[in-house]
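Notes follow the structure.
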Ligand code: MLT
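Residue numbers (the working numbering): 1262 to 1502.
Put into structure tokens, the structure is as follows:
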């Protein structure tokens, strides 16, 4: 029988999976989906700020540098990690973007080392991501977490993804999938209210970024996705629709 499980943070040993759904609800995976929705062509995830700067310098053509540390854009970056901020840029004028975030891009790169198909998922593309993942026998939702530990926001989104995957047919649920699903289905409040209780949700509010949080918590609004693949020595994300 097909299966689904949830990994709550990169600190856990990663199981084998045919398809990974990498989630950093606040905000990297939501920003990545928004980037492709807005016409972005290619996104190169980098683990470190200096590595991202260096990569942009070496690439031919026009590339944006985007991302965050402590939720704010590092010095010299063109953009931060806000999905709403992307509306101010004509993405089609660029070859793509190099992106580094504290947890999200690192989780993507960690999943890449494990093999299997790697997709970016968030609340906004939850159903579309689940429809694509349903073609695979074993699916693992990989939460980026916060500083190596589980995060309420990502876990709630993982529960939403498991819920949407079950719409496509029965699956054996690992314990992680059961836990995330129970959180999502039984929380008796909206996703935005639940996520507002998370440590990172509270931090975004303190920084005046509540609009981002609310945007990230809207469900099933987008058919766009992103697929990670190796290209030469680099990993790159390409759009899926
Ligand atoms: C991360 O990767 O840690 C996040 O996306 C942080 C943020 O909200 O900017």
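Note that the Cβ used here is the ideal one computed from N, Cα and C, for glycine as well.
For residue 1397 and residue 1267, the gap between their C-alpha atoms comes out near 15 Å.
C-alpha of residue 1400 to C-alpha of residue 1359: approximately 27 Å in a straight line. Beta-bridge partners assigned by DSSP to residue 1403: 1268, 1283.
Judged by beta-carbon spacing, residue 1419 lies beyond the 8 Å limit of residue 1405, meaning their Cβ atoms are not closer than that value.
Contact check for residue 1382 and residue 1265: beta-carbon distance about 12 Å, past the 8 Å limit, so the pair fails to qualify. Residue nearest to residue 1327 within the set 1321, 1319, 1307, 1320 is 1307 (criterion: CA-CA distance). At least one heavy atom of the ligand MLT falls within 7 Å of the beta-carbon of residue 1329.
Annotation: residue 1475 to residue 1453 spans about 6 Å, alpha carbon to alpha carbon. With a cutoff of 7 Å, residue 1416 does not count as near the ligand MLT, since its C-beta is closer than that to no heavy atom of the ligand. According to the DSSP secondary-structure assignment, residue 1321 is paired through a beta bridge with no residue. For the pair residue 1288 and residue 1477, the CB atoms are nearer than the 8 Å cut-off. For residue 1414, the CB contacts under 7 Å within the same chain, skipping 5 residues up- and downstream, are 1286, 1287, 1456, 1459, 1461, 1462 in chain order. As the crow flies, the alpha-carbon of residue 1484 is around 29 Å from that of residue 1408. If you draw a straight line from the Cα of residue 1497 to the Cα of residue 1490, it comes to about 5 Å. Residue state for residue 1392 is assigned as helix, using DSSP reduced to three classes. Put simply, of 1357, 1368, 1362 the residue whose alpha carbon is nearest the alpha carbon of residue 1379 is 1368. Remark: the C-beta of residue 1365 is in contact range of the ligand MLT, defined as less than 7 Å to any heavy atom.
In the three-state reduction of the DSSP assignment, residue 1490 falls in the strand class, which pools E and B. Beta-bridge partners assigned by DSSP to residue 1499: 1488.
The segment 1291–1301 and the segment 1311–1323 do not touch, with fewer than three beta-carbon pairs separated by less than 8 Å.
For residue 1304, the enclosing beta strand (DSSP E) starts and ends at 1304–1306.
Measuring C-alpha to C-alpha distances from residue 1393 to each of 1354, 1426, 1365 identifies 1426 as the nearest.
The shortest CA-to-CA distance from residue 1390 to any of 1416, 1301, 1375, 1424 is the one to 1424.
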